[in-house]
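*Asks:* Residue numbers (the numbering used here): 6 to 415.
Sending over a structure as structure tokens; questions will come in a sec.
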Ligand SMILES: *Cc1c(COP(=O)(O)O)cnc(C)c1O
């Protein structure tokens with residue numbers, strides 16, 4: 006299949022139906038007629054495929070968890086909950102949504118700094134595993150456990166001394182608000198024992214969006230080493246060892262898909278090491294973006310076409326307020342273009358360099374900077390690929406008061 010697309014092409018998840026982009030066998034013009042636009046369209050089939058590929062590659066003993074913050078749309082949470090072993094939640098709001106969808110609290114773990122007393126009490130009541138990130142949380146859980154029936158299930162989130170090399174976002178390896186520094190963990194474990202909380206294990210998270218299998222395998226190995234060392238101070242056996250996530254997806258020209266074979270071979274070794282050194286402990290990885298990022302496409306419409314000093318601008322009804330990440334303003338150091346296409350002109354030759362911008366009164370509202378595309382007209386549909394994670398929920402949708410985008414699982 007040929008597709009006129011600018012940037013990395015996630016071709017395995019999309020079809021070209023007579024020049025029109027099709028998702029899950031449905032043409033995008035039909036989907037827009039049915040649901041409206043601008044819209045985020047998420048493909049359940051792509052999520053299923055991604056999880057199946059991962060499961061086929063990783064050792065079967067490794068548990069897979071979905072980080073809800075990557076895409077908290079209820080239909081997506083429901084779909085993911087049916088595919089993975091557990092959910093990682095990062096707020097009381099995410100917990101409430103998942104519980105209302107019927108996901109059992111026992112299948113969830115709760116991480117994040119500044120957990121309120123109310124959130125902690127909701128977690129204990131629902132049987133959610135709390136990844137404690139401070140001595141204060143341990144003290145609050147001790148108090149709650151006295152008044153509530155059932156002991157709080159806890160794991161210690163460790164701020165490791167190492168960091169993920171070659172990562173999009175580092176979340177360990179220096180002073181951090183996340184977790185408890187590795188050298189303070191023995192003291193935290195003592196406090197957990199004294200508080201008589203139900204200790205279950207460790208959560209070691211070191212970063213995100215890495216395309217380097219070697220760097221991920223290295224951080225996973227170091228996490229297991231660290232957990233084995235820390236387990237000596239634990240008030241009970243380690244039953245769960247969450248060694249983080251960090252699997253990235255390709256966004257930009259030159260990005261290559263993460264190679265799973267090296268990670269998998271290393272996990273086989275780690276699994277056997279854990280079986281000997283921490284008998285009874287389950288190894289777990291938690292992923293957000295990797296499971297849903299490639300399953301989503303953001304679609305908006307060209308409202309105006311303008312030429313300024315020789316440069317073509319396609320001005321759309323969507324932009325930064327809907328999709329902050331695609332404009333390069335969500336954690337990117339250098340702004341690069343997400344993969345884009347004129348979704349109803351996939352067969353047209355790319356003949357024109359154009360910038361795709363949104364309706365906001367700021368030059369930051371730039372979806373694509375000078376990309377080679379087929380010539381587009383008013384009314385054409387723009388597709389931004391790799392948009393299934395950190396899109397809708399991570400965008401400032403009230404900024405300038407335009408309508409919110411829609412979302413649909415197809
Ligand atoms: C954000 C986050 C994740 C998910 O990160 P992805 O890059 O989407 O895989 C997982 N675990 C924790 C603790 C996080 O903060």
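C-beta atoms are modelled at their ideal positions from N, C-alpha and C, and glycine is treated no differently.
Predicted model only: the values in this text are computed from it and were never measured.
Does residue 74 pass the burial test, meaning 16 or more other C-beta atoms within 10 Å, or should it be called exposed?
*Replies:* What you label residue 74 is simply residue 69 of the chain shown in a count that begins at 1. The residue is buried, with at least 16 neighbouring Cβ atoms inside 10 Å.
*Asks:* Hey, how far is the Cα of residue 415 from the Cα of residue 303?
*Replies:* One-based indexing of the chain shown puts residue 415 at position 410. One-based indexing of the chain shown puts residue 303 at position 298. When rounded, the distance between both Cα atoms is 13 angstroms.
*Asks:* When a residue counts only if its C-beta is closer than 6 angstroms to some heavy atom of ligand 1, which residues count, in chain order?
*Replies:* Result: 72, 74, 75, 93, 116, 210, 213, 214, 250, 291, 292, 293, 294, 295, 394.
*Asks:* Mind reading off the beta-carbon distance from residue 198 to residue 240? Whole number of angstroms is fine, and I expect it under 8 angstroms.
*Replies:* Taking the chain shown and counting its residues from 1, one reaches residue 198 at position 193. Taking the chain shown and counting its residues from 1, one reaches residue 240 at position 235. Indeed they touch by this definition, with Cβ atoms about 3 angstroms apart.
*Asks:* Just the Cα atoms here: how many angstroms apart are residue 196 and residue 140?
*Replies:* Locating residue 196 in the chain shown gives position 191, counting from the first residue. Locating residue 140 in the chain shown gives position 135, counting from the first residue. Those two C-alpha atoms are separated by around 8 angstroms.
*Asks:* Would a C-beta distance cut-off of 9 angstroms place residue 344 and residue 13 closer than the cut-off?
*Replies:* Locating residue 344 in the chain shown gives position 339, counting from the first residue. Locating residue 13 in the chain shown gives position 8, counting from the first residue. The answer is yes: Cβ separation under 9 angstroms.
*Asks:* Buried or exposed for residue 227, going by 16 or more other Cβ atoms inside 10 Å?
*Replies:* Here residue 227 corresponds to residue number 222 of the chain shown, with the count starting at 1. That one is buried.
*Asks:* Assuming residue 40 and residue 411 form a contact by the criterion Cβ under 8 angstroms, report the distance between their Cβ atoms to the nearest whole angstrom.
*Replies:* Position 35 of the chain shown, counting from 1, holds the residue named residue 40. Position 406 of the chain shown, counting from 1, holds the residue named residue 411. Indeed they touch by this definition, with Cβ atoms about 6 angstroms apart.
*Asks:* Under 8 angstroms Cβ to Cβ from residue 404, same chain only, skipping five residues before and after it: list those, please.
*Replies:* Here the question's residue 404 lines up with position 399 in the chain shown. Hits under 8 angstroms: 325, 326, 365.
*Asks:* Only counting the same chain, and skipping five residues up and downstream in sequence, which positions put a Cβ closer than 7 angstroms to that of residue 127?
*Replies:* To locate residue 127, count along the chain shown from 1; it is residue 122. Closer than 7 angstroms at Cβ, skipping near neighbours: 97, 100.
*Asks:* Leaving out five residues on either side along the sequence, give the residues of the same chain with a beta carbon under 7 angstroms from the beta carbon of residue 81.
*Replies:* Position 76 of the chain shown, counted from the start, is the residue given in the question as residue 81. So the list reads 47, 297, 414, once near-sequence residues are dropped.
*Asks:* Tell me where the alpha helix (DSSP H) around residue 327 begins and ends.
*Replies:* As a working mapping, residue 327 is identified with position 322 in the chain shown. Residue 327 -> no alpha helix (DSSP H), and no H or E assigned at all.
*Asks:* Under a three-way DSSP split, which group does residue 295 fall into?
*Replies:* As a first step, residue 295 is located in the chain shown; it is residue number 290 there, counting from the start. Three-state DSSP puts residue 295 in a helix.
*Asks:* Quick check on DSSP: helix, strand or coil for residue 45?
*Replies:* Residue mapping note: residue 45 aligns to position 40 of the chain shown, counting from 1. In this structure, residue 45 counts as strand in the three-state DSSP scheme.
*Asks:* At what residues does the beta strand (DSSP E) containing residue 313 begin and finish?
*Replies:* For the purposes of this step, residue 313 is taken as residue 308 along the chain shown, with counting starting at 1. Looking at the DSSP string, the run of the beta strand (DSSP E) that includes residue 313 is 301-313.
*Asks:* Return the Cβ separation of residue 111 and residue 130 in integer angstroms, given the expectation that the two are a contact with Cβ distance under 8 angstroms.
*Replies:* As a position in the chain shown, residue 111 is number 106, starting the count at 1. As a position in the chain shown, residue 130 is number 125, starting the count at 1. At roughly 12 angstroms, the Cβ-Cβ gap does not stay under 8 angstroms, so residue 111 and residue 130 are not in contact.
*Asks:* Alpha carbon to alpha carbon, how far is residue 187 from residue 163?
*Replies:* Here the question's residue 187 lines up with position 182 in the chain shown. Here the question's residue 163 lines up with position 158 in the chain shown. Rounded to the nearest angstrom, the two C-alpha atoms are 6 angstroms apart.
*Asks:* Check whether the segment 277-289 and the segment 346-358 touch, using three or more Cβ-Cβ pairs below 8 angstroms as the test.
*Replies:* Touching, no, given that fewer than three Cβ pairs across the two stretches are closer than 8 angstroms.
*Asks:* Put residue 208 into one of helix, strand or coil per three-state DSSP.
*Replies:* Numbered from its first residue, the chain shown carries residue 208 at position 203. Residue 208 falls in the strand class under three-state DSSP.
*Asks:* Looking only at its chain, what residues have a beta carbon closer than 7 angstroms to the beta carbon of residue 322, apart from the 5 residues adjacent to it on each side?
*Replies:* For the purposes of this step, residue 322 is taken as residue 317 along the chain shown, with counting starting at 1. These residues qualify, in order along the chain: 43, 305, 306, 308, 364.
*Asks:* Between which two residues does the alpha helix (DSSP H) carrying residue 370 extend?
*Replies:* In the chain shown, counting from the first residue as 1, residue 370 sits at position 365. No alpha helix (DSSP H) holds residue 370; DSSP gives it neither H nor E.
*Asks:* Based on the DSSP output, what are the partners of residue 53 in its beta bridges?
*Replies:* Working through the chain shown from its first residue, we reach residue 53 at position 48. Beta-bridge pairing links residue 53 to no other residue.
*Asks:* Assign residue 6 to one of two classes, buried (16 or more other C-beta atoms within 10 Å of its C-beta) or exposed (fewer than that).
*Replies:* Along the chain shown, read from residue 1 onward, the residue named residue 6 stands at position 1. With a pLDDT of 49 at residue 6, under the threshold of 50, the modelled position of this residue cannot be trusted; read the value that follows with caution. Burial call: exposed.
*Asks:* Give every residue of the same chain whose Cβ lies closer than 8 angstroms to the Cβ of residue 417, excluding the five residues on either side of it in the sequence, and list them in chain order.
*Replies:* There is simply no residue 417 to check, as the chain begins at 6 and stops at 415 in what is shown.
*Asks:* Suppose you measure from the CA of residue 381 to the CA of residue 370; what does that come to, to the nearest Å?
*Replies:* For the purposes of this step, residue 381 is taken as the residue at position 376 of the chain shown. For the purposes of this step, residue 370 is taken as the residue at position 365 of the chain shown. Each residue's alpha carbon lies about 19 angstroms from the other.
*Asks:* Is the distance from the Cβ of residue 185 to the Cβ of residue 225 below 9 angstroms?
*Replies:* Indexing the chain shown from 1 puts residue 185 at position 180. Indexing the chain shown from 1 puts residue 225 at position 220. The answer is no: Cβ separation not under 9 angstroms.
*Asks:* Going by beta carbon distance, what residues of the same chain come within less than 6 angstroms of residue 166, once the five residues before and after it are set aside?
*Replies:* Numbered from 1 along the chain shown, position 161 holds the residue referred to as residue 166. So the list reads 187, once near-sequence residues are dropped.
*Asks:* What distance in whole Å lies between the Cβ atoms of residue 233 and residue 209, which are believed to be in contact at a cut-off of 8 angstroms?
*Replies:* Position 204 of the chain shown, counted from the first residue, corresponds to residue 209. Position 228 of the chain shown, counted from the first residue, corresponds to residue 233. So it is not a contact: roughly 11 angstroms between Cβ atoms.
*Asks:* Would the beta-carbon of residue 143 fall within 9 angstroms of that of residue 203?
*Replies:* Taking the first residue of the chain shown as 1, we reach residue 143 at position 138. Taking the first residue of the chain shown as 1, we reach residue 203 at position 198. For residue 143 and residue 203, no; Cβs fall outside 9 angstroms.
*Asks:* For residue 367, collect the residues of the same chain with a Cβ closer than 8 angstroms to its Cβ; drop the 5 residues on either side in sequence, then sort them by chain order.
*Replies:* Working through the chain shown from its first residue, we reach residue 367 at position 362. 325.
*Asks:* Taking the straight line between their C-alpha atoms, what separation do you get for residue 148 and residue 194?
*Replies:* Stepping through the chain shown from its first residue, residue 148 is reached at position 143. Stepping through the chain shown from its first residue, residue 194 is reached at position 189. For residue 148 and residue 194, the distance between alpha carbons rounds to 17 angstroms.
*Asks:* Could you tell me the distance, in whole angstroms, from the CA atom of residue 55 to the CA atom of residue 105?
*Replies:* Here residue 55 refers to the residue found at position 50 of the chain shown. Here residue 105 refers to the residue found at position 100 of the chain shown. Distance between the alpha carbons of residue 55 and residue 105: 26 angstroms.
*Asks:* What is the DSSP secondary structure of residue 18, counted as helix, strand or coil?
*Replies:* Residue 18 sits at position 13 when you count from the first residue of the chain shown. Looking at residue 18 - three-state DSSP - the assignment turns out to be helix.
*Asks:* Output needed for residue 91: all residues of its chain with C-beta closer than 6 angstroms, excluding positions within five of it in sequence on either side, in chain order.
*Replies:* For the purposes of this step, residue 91 is taken as the residue at position 86 of the chain shown. These residues qualify, in order along the chain: 70, 112.
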